[in-house]
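As structure tokens, the structure follows; a few thoughts come after it.
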Amino acid sequence: MSIDFEQVSFAYDEHSLWRNSALEQISLHLETGVFAGIAGASGSGKSTLMQHFNGILKPTEGKLRVLDVTMQAGDKAPPLRELRRRVGLVFQFPEQQLFEDTVEKDICFGPLNFGCTPDEAKQRARRALSLVGLDDSFLPRNPFHLSGGQMRKVAIASVLAMEPDIIALDEPAATLDPQSRSELASMLSRLHREEGKTVLVVTHRMEEILPFADQWIVMEDGHKSFQGSVKELVQEAGRLQASGLAIPDCIRYWNEVAAHYGLEEEEPCLTAESLADRLAVLSDQVGNAVTPLPKEEAPLGLETSREGDG
Amino acid sequence: MSENGLAYELQRVSFAYHPDHPVLHEITLDIPSGSWVSLVGPNGCGKSTLAKLLGGLLAVNGGEIWVEGTRLDRDTVARLRPRIGMVFQNPDNQFIGATVEEDIAFGLEGRCLPREQMVERVKEYAEKMQIGHLLSKHPADLSGGQKQRVAVASILAMEPGIIIFDEASSMLDEKARGELLAILEEMQGSGNYTMVSITHDADEILASDRAIVLGGGSVVADLSPAELFEDGALLDSCRLIAPYRIRLKHAIRTRGLELPKELKLERG
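Residue numbers (our numbering), protein chains in the order written: chain A, 13 to 322; chain B, 17 to 284.
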């Protein structure tokens with residue numbers, strides 16, 4: 013089972029004067045069970061690509077296969093109910109997916125519609141809510157009285173409650189606080205590692221997903237400009253810039269350290285802790301490569317961009 | 017500007033959407049004109065509510081808000097609102113025009129600006145936000161990041177003295193976020209704006225003058241951004257994470273090492 017795109021193109025308003033081409037000749041192959049990050053500048057086609065995964069959009073050219081469903085441009089749409097259950101999509105503004113008057117009803121809506129008993133659905137709602145870090149006290153609350161971040165977590169929970177095989181998230185964490193974002197990334201990684209879920213995440217904050225993703229796709233102007241492993245992405249970081257993206261600091265620093273000590277062939281260390289550990293090992297090996305601090309440690313100054321800060 | 021040089025004075029401001037769920041409790045603080053303040057805190061702590069009170073979109077249940085020396089109430093809100101621009105999380109909720117150009121011009125039309133001046137301003141701020149090439153596009157044809165830049169441009173074009181950014185950069189990609197940050201820094205440098213930004217973005221907070229930390233409906237800390245990012249417990253309480261370069265420095269220092277001088281950790 014896999015996700016395969018063969019020369020897929022997609023245009024909005026295809027038959028009108030406003031035809032707007034969003035994807036051009038995309039071919040890609042993703043095995044199920046991967047954790048893939050999808051990056052790209054604004055307007056590069058990431059969200060359009062995402063909406064092909066469960067048939068919300070169908071290719072205007074080419075063919076794509078998700079699990080056992082094939083969609084081909086020009087053909088009548090195949091039955092998509094099963095695909096919609098197995099591929100959970102979290103949109104860019106997931107709070108717009110909410111509509112019930114309690115959190116519990118909202119999360120139960122999907123499972124009930126796909127044949128769960130009310131008890132089963134409620135059980136799933138509790139589990140999904142705890143996965144996103146909210147406790148049961150939220151169940152009776154009105155989702156529209158929650159804060160933006162909490163609504164977003166509830167919306168993500170409502171997709172998780174469907175227990176999809178593939179979870180595709182379009183910039184799901186944009187307005188969450190950084191620790192919630194990091195917890196969401198860890199939670200997705202757990203679902204990937206422990207339950208074998210396929211996780212596809214469109215993100216503007218690559219740094220948060222880099223420690224977990226095993227595959228990366230980079231989009232540029234409706235084209236796929238890169239697909240490969242994290243190591244390949246790090247080695248070809250220049251491509252990110254060419255695709256209109258900033259190189260994440262964790263990649264920039266690793267590449268500087270790697271070039272300095274000749275570590276280019278190693279698996280990159282992309283968290284602050286793992287890079288510091290690697291530097292500590294280097295300092296033991298090479299002695300003077302990394303300078304131990306003098307005994308009286310100077311206070312750590314924060315570098316900010318402007319003078320006079322702090 | 018008010019005589020005491022304050023853009024905002026908040027005196028024991030309280031607010032609740034429902035009596036059972038108080039959101040803000042007796043908040044007292046001053047925001048000097050020309051300063052840039054970051055409002056930080058975990059999801060649900062009342063940041064956006066405070067922003068709406070500051071913008072006159074909600075009325076206080078208790079206490080008083082003074083804007084540039086005038087008390088904000090039913091009688092003054094119409095006069096004070098043009099001084100205050102607001103940019104929200106979701107640009108879709110802010111679109112009015114059928115094209116980007118019309119959208120930026122909408123507020124200016126309301127102000128009855130002469131046409132030539134309006135065209136000039138639309139162009140000026142569109143170019144500042146790097147959307148000059150999108151002026152004839154329908155907002156629905158834009159990506160999320162492009163839409164947010166249109167929303168910011170349409171507020172800037174009104175040239176308000178106070179601008180409230182409610183997670184305005186959260187939908188932008190890293191590069192666009194850097195560009196918006198540069199614009200905010202330039203605006204601050206001009207001294208023409210008082211800025212209040214609700215943000216989780218570490219670089220944005222570090223660039224501002226002051227961080228006000230909300231928790232449980234009150235101000236739990238009011239300090240410089242650099243102090244905030246030195247305080248691990250406070251960072252945890254407002255669920256922030258320091259930028260990678262600062263975390264790496266800490267991680268290296270806690271291992272009793274320091275980076276070789278050739279390697280510099282600076283904002284990208």
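Ideal Cβ positions, reconstructed from N, Cα and C, are used throughout, including at glycine. As the structure is a prediction and not an experimental result, all values here were calculated from the model.
At a cut-off of 8 Å between beta-carbon atoms, B:Met203 makes no contact with chain A.
In this structure B:Gln162 does not touch B:Met187 by the C-beta definition: roughly 10 Å separates them, more than the 8 Å allowed. The Cβ neighbour count for B:Asp217, taken over all protein chains shown within 10 Å, is at least 16; the residue is labelled buried. Beta-bridge annotation (DSSP): A:Asp147 is not paired with any residue.
Runs of the alpha helix (DSSP H) spanning 4 or more residues and lying entirely within the region 162-213 of chain A occur at 190-207, in chain order. Of all residues in the region 210-238 of chain A, the ones placed with a Cβ closer than 8 Å to any Cβ belonging to chain B are His216, Arg217, Met218, Glu219, in chain order.
Secondary structure note for A:Ala270: its alpha helix (DSSP H) is the uninterrupted segment 261-273. Annotation: B:Glu117 to B:Leu129 spans about 15 Å, alpha carbon to alpha carbon.
At a cut-off of 8 Å between C-beta atoms, A:His157 counts as an interface residue with respect to chain B. B:Ser213 sits close to B:Ser224, with the two beta carbons spaced by under 8 Å. With respect to chain B, the C-beta atom of A:Leu275 has no partner C-beta closer than 8 Å. Only residues of its own chain outside the window of five on either side were considered, and among them Thr92, Leu96 have a CB closer than 7 Å to the CB of B:Thr86, listed in chain order. At least one beta carbon of chain A lies nearer than 8 Å to the beta carbon of B:His216. Between A:Arg77 and A:Asp177, the gap from beta carbon to beta carbon reaches 8 Å or more.
The three-state secondary structure of A:Ile119, taken from DSSP, is helix. For B:Ala267, at least one C-beta of chain A is nearer than 8 Å to its own C-beta.
Listed as beta-bridge partners of A:Glu277 by DSSP are no residues whatsoever.
Note: A:Trp30 is not bridge-paired with any residue in the DSSP secondary-structure output.
Note on A:Arg31: under 16 other CB atoms within 10 angstroms of its CB, so exposed under the neighbour-count rule.
Sequence-distant partners of B:Ile262 (beyond 5 residues in either direction) whose C-beta falls short of 7 Å from its own C-beta, in its chain, are Phe245. Around the beta carbon of A:His216, 16 or more other beta carbons lie within 10 angstroms, which makes this residue buried.
Of all alpha-carbon atoms in B:Val235, B:Thr115, B:Ser170, B:Ser159, the one lying nearest the alpha-carbon of B:Ala142 is that of B:Ser170. A distance below 7 Å between beta-carbons, with the five flanking residues on each side excluded, links B:Leu22 to the following residues of its chain, in chain order: Asp46, Ile47, Pro48, Ser49. Under the three-state reduction of DSSP, B:Ile43 is assigned to strand.
Neighbours of B:Gly60 in chain A, taken as residues at a C-beta separation under 8 Å, are given in chain order as Leu158, Ser159, Gly161, Gln162. Measuring C-alpha to C-alpha distances from B:Asp189 to each of A:Arg202, A:Glu220, A:Ala258 identifies A:Ala258 as the nearest. Shown here for A:Met231: same chain residues with a beta carbon closer than 6 Å to its own, the five before and five after excluded, namely Gly52, Ser56, Gly57, Lys58 in chain order. For the pair A:Pro91 and A:Met174, the CB atoms are not nearer than the 8 Å cut-off. Counting C-beta atoms within 10 angstroms of its own C-beta, A:Val293 has fewer than 16 neighbours from the protein chains shown and is therefore classed as exposed. With three or more CB-CB distances shorter than 8 Å, the region 17-29 of chain A counts as touching the region 37-52 of chain A. Under DSSP, B:Leu69 shares a beta bridge with no residue. Out of A:Val166, A:Gly160, A:Val144, A:Leu143, the CA that lies nearest to the CA of A:Pro152 is found in A:Val166. Contact between A:Ala137 and A:Glu116 holds: CB atoms are separated by about 5 Å, below the 8 Å threshold. Residue pairing by DSSP places B:Val29 opposite B:Ile43 in a beta bridge.
Neighbours of B:Asn77 in chain A, taken as residues whose beta carbon is under 9 Å from its own, are absent, since the nearest beta carbon is some 16 Å off. Taking a C-beta cut-off of 8 Å against chain A, the contacting residues of the region 246-262 of chain B are Glu246, Asp252, Cys254, Arg255, Leu256, Ile257, Pro259, Tyr260, Arg261, Ile262, listed in chain order.
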